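Student: One structure follows; several queries about it will come next.
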Ligand SMILES: [Zn+2]
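Chains as they are written, first to last, in our numbering: chain S, 735 to 1340; chain G, 377 to 795.
Printed below as a string of structure tokens:
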């Protein structure tokens, strides 16, 4: 070996070691201290936020009967990466699906993610889940995830309860609380009380391993929040009365609204035709929805609040009260009538003439109310009939007509009371009582909803005021809520004597031998009512009836509208009377009448 | 009668302490990486941490045994060791079993051994013995040739076993040759060809060849001095172009697709976060998420939940990075640096050239493993699957490194007896 000394080269070697080490330390400093990207990535990789969904609040009726509760269904989830050598045929058999569906769903899941769970089959019932439930260990990569769906023990009140469905983009934008796939109240009470019913989602952060298996709570659950269950809500609805009403309205088009006059609580709101609320839940929701949407009878439409009708003769009560208040007539004022030959408005029938107010109401004399209306508009107290009209308009509005109650009633329409300006435009300023005479008998431009009619009935029952009609009695944790929907309004006609005259007349509708509802008189329950028949240019007249009972201490005020049913006395009046009997006594004595109404079919055999 | 103390001599305590520190630190990291939360028992030999405990015990026994053997034994029988090792390597090729694509294991029942690991110290011994011999002169071609044979014969056999990482380790011996007088030009040329290798892969062989020819032509045209010496310049050019095409050929035809992709990912030519880049990416995230002080022992979210592949073997460093943070990682790296420098210092104080050269061999091999392994986990080098000495899980590598180191400790301990 040659002897030249190269020992100085050790410095080069050591230098190389030191250089590499410095390089590593700098690199580590960058990775671990300077750059935050990796810390975030690590959290994304190894931590999962698991949302804890609270149970949605249940809904009860006024007697604490369940209307809506939650039912567990099961989503079958799959993580494609973990699916190993399973007996596909057996799997399909247990689930009752074809291998083609299996292939399709598997492909979909793989397309979404190989590592993340996706839904393989949606919303299986306990029954569907049964056969495979205990054999899940044979199918690695699959597992069940529980979801809660709304369930309705009785198939009633679908429209007003509303439905729950997955959030859409608009919901997501409006409220950051919601995440894709969450459920939200889509309509009705479910929508109005969404905040109370939904509760508050909780979340926990868990550590998962590379197979997405949950290993542990992250940092002992320090960042977790508990889910707060939704509030239970008690509604004013009487589910027995509601289902009875739905039964009576079978095969008829129309609606019933019943209100407790003292509180404004809605006891029943029936629209017909209706549908089973359970149809709009779960897997078949959208298919059923489309079917209902295209039904020619429009079962999705809640006629009790969006059906608008001219009030017909029931409106005579309002005009009578305003006329008395304005002192243009007294209870003793009498007018003559020539029956169907009367001008300018014909009366519907011949009767004794002249009549005083009470009999005119009971016999529903058109001539009497035309003459009364003329007096209202030609009242010398006002400068001219336009000013008198404006006063009338204001008083009519005070009865709750022409605007929404803005409580928890879903989708109400305002109806219409034509304003002074409307006629000024229509008739270029020159109009008088004669021009708008049909308003005297509740025809023409006036449109009201059944719920407004029921409210009119409640005003009469209360002799001069109403509490806004509403559904909520209370929510389990926020009592103050009900105050919002519970406003008292005094009507512009306040003298109880005026009401007495009108109500006496309404009693005669039942107990007078010529009263239009005399067949529905009950010995033990006093009833006050008024028929209305609304001309329908498209077919048979609509039948309307409003009533309340008992007369002295009213507990129920009701309005019934039956479309294309002819005279109010044939269908609407008996339905109202049966509802009253059912609510006040709990059972029906008039079995024959009940049967006639139930069996009546106004849709299929006209 | 000689006392045991005099048999062992005076081993360098600092080296032994550093060795024990690294082995201990390594075991705790394997424990964290492989222990499940439920039912941890230190002596559960079905688990990696339990097995590693056995390997460590055997290593200490081996270390002690090596210290008891006469220091001359290793220099005397260096070629014998080497020859036996070559036979074993060939034997593995013929009779070995394949694990993870490499035919590099001998299976004895439930227990496997990887001869390639042991070939390193045998080669280091043989190289030291050859360079120490009177007739060797690194300036002469003959010596260079035999040195190349000693180094690359085992390397080639290991490459045939499809264990690229272990084969590359043998390049570490260039550091030894450099210390022993090999011209610095070789290092420089090595660096230059390394650069050409990368440029060829990144830009393609034709571009690089065209640019080289253009540069040489311009120099020949405008520089009289170079024009006079045109023969070696042209020869150099031809060799370089030959190299470029060899690289191109080797890269596209010889390398396995997965190896090719690893290099491409490293050079940024390919993004493949779920394939070849997956390991490195997960490892970087695990290390990066450790922060300054780390998440704490047994708190490594990624490494404990199996997000980093090979976490107790080649990627053990990611566990340290995540759980011990910047401070722990730096302590580990500095411990390695201390070990390496200590070996160099001790090597330089040897009276016998054999012991010095062997010492350099030990340092070079440890350094290569350390540098490539850490570089791989932090994304500086392609994934070439070589263990971190004393740290990574595995009996063969731990024993081989222990023997490698302790033969040197023994040489040093008895250096005063060498005349
Ligand atoms: Zn009349």
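Positions of the beta carbon are idealized from the N, C-alpha and C atoms, including for glycine.
Just so you know, these numbers come straight off a predicted model, no measurement behind them.
Given that residue 724/G touches chain S, what residues does it touch there, using C-beta distances under 8 Å?
Tutor: As a first step, residue 724/G must be located in the second chain, where it is residue number 348. Those are 741, 744, listed as they occur along chain S.
Student: Quick one, which of 754/G, 791/G, 737/G has its alpha-carbon nearest residue 495/G's?
Tutor: Here residue 495/G corresponds to residue number 119 of the second chain, with the count starting at 1. The residue with the shortest Cα to Cα distance from residue 495/G is 737/G.
Student: Considering only heavy atoms of ligand 1, does any lie closer than 6 Å to the CB of residue 1101/S?
Tutor: Here residue 1101/S corresponds to residue number 367 of the first chain, with the count starting at 1. Within the cutoff, so yes.
Student: Name the residue from 655/G, 747/G, 428/G whose alpha carbon lies nearest to the alpha carbon of residue 709/G.
Tutor: Along the second chain, one-based indexing puts residue 709/G at 333. For residue 709/G, the nearest C-alpha among the options comes from 747/G.
Student: Should residue 1304/S be labelled buried (16 or more other beta-carbon atoms within 10 Å of its own) or exposed?
Tutor: Translated into the one-based positions of the first chain, residue 1304/S becomes position 570. Residue 1304/S comes out buried.
Student: Could you tell me the boundaries of the beta strand (DSSP E) in which residue 817/S lies?
Tutor: Walking along the first chain from the start, residue 817/S turns up at place 83. Element bounds for residue 817/S: n/a, residue is neither H nor E.
Student: Give me, in chain order, the residues of the same chain whose beta-carbon lies closer than 6 Å to that of residue 736/S; leave out the 5 immediate sequence neighbours on both sides.
Tutor: In the first chain, counting from the first residue as 1, residue 736/S sits at position 2. With a pLDDT of 47 at residue 736/S, under the threshold of 50, the modelled position of that residue is not reliable, and the figure given next carries that caveat. Counting only Cβ-Cβ distances below 6 Å, and skipping sequence neighbours, we find nothing.
Student: Tell me whether residue 883/S sits in a helix, a strand or coil according to DSSP, three-state version.
Tutor: As a first step, residue 883/S must be located in the first chain, where it is residue number 149. Three-state DSSP puts residue 883/S in a strand.
Student: Quick test of your reading: residue 705/S and residue 1290/S, contact by CB under 8 Å. State the CB separation rounded to the nearest angstrom.
Tutor: Examination of residue 705/S is not possible in this model, given that chain S is present from 735 through 1340 alone.
Student: At the 7 Å Cβ level, is residue 748/G part of the contact set with chain S, yes or no?
Tutor: Within the second chain, the letter at position 372 stands for residue 748/G. No, because no Cβ of chain S sits closer than 7 Å to the Cβ of residue 748/G.
Student: Could you list which residues in chain S have their beta carbon closer than 9 Å to that of residue 555/G, in chain order?
Tutor: By one-based count along the second chain, residue 555/G stands at place 179. Chain S residues near residue 555/G: 740, 741, 743, 744, 746, 747.
Student: Helix, strand or coil: how does DSSP classify residue 405/G here?
Tutor: As a first step, residue 405/G must be located in the second chain, where it is residue number 29. Three-state result, residue 405/G: helix.
Student: What is the C-beta distance between residue 578/G and residue 643/G, in whole angstroms, given that I count them as a contact (C-beta under 8 Å)?
Tutor: What you label residue 578/G is simply residue 202 of the second chain in a count that begins at 1. What you label residue 643/G is simply residue 267 of the second chain in a count that begins at 1. The pair is a contact, with the Cβ atoms about 6 Å apart (cut-off 8 Å).
Student: Check whether the region 919 to 933 of chain S and the region 1137 to 1156 of chain S are in contact - that is, three or more C-beta pairs closer than 8 Å.
Tutor: Contact between the region 919 to 933 of chain S and the region 1137 to 1156 of chain S is present, because at least three Cβ pairs lie under 8 Å.
Student: Please report the Cβ distance between residue 1261/S and residue 1311/S, rounded to the nearest whole angstrom; I am assuming they are in contact, meaning their Cβ atoms lie under 8 Å.
Tutor: By 1-based counting over the first chain, the position of residue 1261/S is 527. By 1-based counting over the first chain, the position of residue 1311/S is 577. The pair is a contact, with the Cβ atoms about 6 Å apart (cut-off 8 Å).
Student: Hey, residue 1185/S and residue 1151/S: beta-carbon distance below 7 Å or not?
Tutor: The residue you call residue 1185/S lines up with position 451 of the first chain. The residue you call residue 1151/S lines up with position 417 of the first chain. No, these two residues do not count as a Cβ contact at 7 Å.
Student: Whole angstroms are fine: how far does the CA of residue 568/G sit from the CA of residue 506/G?
Tutor: Here residue 506/G corresponds to residue number 130 of the second chain, with the count starting at 1. Here residue 568/G corresponds to residue number 192 of the second chain, with the count starting at 1. Rounded to whole angstroms, residue 506/G to residue 568/G spans 28 Å at the Cα level.
Student: Less than 7 Å between C-beta atoms, sequence neighbours within five positions excluded: which residues of the same chain meet that for residue 697/G?
Tutor: Taking the second chain and counting its residues from 1, the one referred to as residue 697/G is at position 321. 662, 663, 666, 705.
Student: With three or more C-beta pairs closer than 8 Å as the rule, is the region 794 to 807 of chain S touching the region 887 to 898 of chain S?
Tutor: These segments touch.
Student: Between the beta-carbon of residue 875/S and the beta-carbon of residue 839/S, is there less than 7 Å?
Tutor: Along the first chain, one-based indexing puts residue 875/S at 141. Along the first chain, one-based indexing puts residue 839/S at 105. No, they are not a contact pair.
Student: Would you say residue 1377/S and residue 1171/S are within 7 Å of each other, going by their C-beta atoms?
Tutor: In this structure chain S extends from 735 to 1340, so residue 1377/S is not present and cannot be described.
Student: Start and end of the beta strand (DSSP E) containing residue 855/S?
Tutor: Taking the first residue of the first chain as position 1, residue 855/S is located at position 121. Here the beta strand (DSSP E) through residue 855/S covers 852 to 858.
Student: Could you name the residues of the region 846 to 878 of chain S whose beta carbon sits closer than 8 Å to any beta carbon of chain G, in the order they occur along the chain?
Tutor: Listed in sequence order: no entries.
Student: For the region 611 to 681 of chain G, list the alpha helix (DSSP H) runs that are entirely contained and at least 4 residues long, ordered along the chain.
Tutor: Entirely contained in the region 611 to 681 of chain G, the alpha helix (DSSP H) runs reaching 4 residues are, in chain order, 633 to 642, 652 to 665, 677 to 680.
Student: In whole angstroms, what separates the C-alpha of residue 767/S from that of residue 754/S?
Tutor: As a position in the first chain, residue 767/S is number 33, starting the count at 1. As a position in the first chain, residue 754/S is number 20, starting the count at 1. Cα to Cα, residue 767/S sits roughly 19 Å from residue 754/S.
Student: Hey, quick one: how far does the alpha helix (DSSP H) through residue 698/G stretch, first residue to last?
Tutor: Locating residue 698/G in the second chain gives position 322, counting from the first residue. Run containing residue 698/G: 692 to 724, per the alpha helix (DSSP H) assignment.
Student: How is the beta strand (DSSP E) around residue 1402/S delimited, first residue to last?
Tutor: Not covered by the structure: residue 1402/S. The range shown for chain S is 735 to 1340.
Student: Find out if the Cβ-Cβ distance for the pair residue 965/S, residue 930/S is shorter than 7 Å.
Tutor: Residue numbering aside, residue 965/S sits at position 231 when the first chain is read from its first letter. Residue numbering aside, residue 930/S sits at position 196 when the first chain is read from its first letter. Contact: yes.
Student: Let me confirm a value: residue 389/G is counted as buried when at least 16 other C-beta atoms fall within 10 Å, else exposed. Which label applies?
Tutor: Taking the first residue of the second chain as position 1, residue 389/G is located at position 13. Under this definition residue 389/G is an exposed residue.
Student: Taking the straight line between their C-alpha atoms, what separation do you get for residue 377/G and residue 383/G?
Tutor: Residue 377/G sits at position 1 when you count from the first residue of the second chain. Residue 383/G sits at position 7 when you count from the first residue of the second chain. For residue 377/G, the pLDDT reaches just 42, beneath the cut-off of 50, and the residue's location in the model is therefore unreliable, although a value from the coordinates is still provided. If you take the alpha carbons of residue 377/G and residue 383/G, they lie about 10 Å apart.
Student: Flag this pair as touching only if the region 1320 to 1327 of chain S and the region 1271 to 1291 of chain S have three or more C-beta atom pairs under 8 Å; answer yes or no.
Tutor: Verdict: no, contact absent.
Student: Counting only the same chain and skipping the five closest in sequence on each side, list residues whose C-beta sits under 6 Å from that of residue 814/S.
Tutor: For the purposes of this step, residue 814/S is taken as residue 80 along the first chain, with counting starting at 1. Excluding sequence neighbours, residue 814/S sits near 843, 844, 848.
Student: For the beta strand (DSSP E) containing residue 1289/S, name the first residue and the last one.
Tutor: Numbered from its first residue, the first chain carries residue 1289/S at position 555. No beta strand (DSSP E) holds residue 1289/S; DSSP gives it neither H nor E.
Student: In angstroms with no decimal places, state the Cα-to-Cα distance between residue 854/S and residue 673/G.
Tutor: Start at 1 with the first residue of the first chain, and residue 854/S comes out as number 120. Start at 1 with the first residue of the second chain, and residue 673/G comes out as number 297. Those two C-alpha atoms are separated by around 39 Å.
Student: Would you check if the distance between the CB atom of residue 753/G and the CB atom of residue 408/G is smaller than 7 Å?
Tutor: The sequence position of residue 753/G within the second chain is 377, counting from 1. The sequence position of residue 408/G within the second chain is 32, counting from 1. Cβ distance not < 7 Å, so residue 753/G and residue 408/G don't count as in contact.
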